[in-house]
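Numbered by my numbering, the letters in the sequence shown go through residues 101 to 202 in order.
A quick write-up on the structure given underneath.
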Amino acid sequence: LWFGVTERMTESLCLLYYTLRISEFPDEVPNAHFNTCRPLSWWSEEDKATARKRAVWDSVVWRAGNAILDVRMERMKSEIRASLRQGIKLEDIPYVAPGCFE
């Protein structure tokens, strides 16, 4: 299972490549993700209150996602360090994108 945090796109993609063993990398990492949103003018007051109530959990989920990403990134780096100790060269690990292990 993989997920990413858009504010940490580079790290998220590094983990994606490593987790899924992808060895072909894009030339450029996207640095933003935009969705067009519908105007809020058609929301009722009840809709707005529901959104505000649910938004409290957005930051909780975001913090949890960042913590999980931190742990998984450290695990990835630990596995790469173990491979390096075994004499495997970094450039010989095909699913470690450039700049993903420093």
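Each residue gets a CB set at the ideal place from its N, CA and C atoms; glycine is no exception.
- Secondary structure note for residue 195: it is in no alpha helix (DSSP H), with a DSSP letter that is neither H nor E.
- Counting the other Cβ atoms within 10 Å of the Cβ of residue 160 gives fewer than 16, which makes it exposed.
- The C-beta separation of residue 102 from residue 120 comes to about 7 Å, placing the pair in contact by the 8 Å criterion.
- Annotation: residue 154 to residue 148 spans about 10 Å, alpha carbon to alpha carbon.
- Counting only unbroken stretches of 3 or more residues, no beta strand (DSSP E) element lies wholly within the region 111-170.
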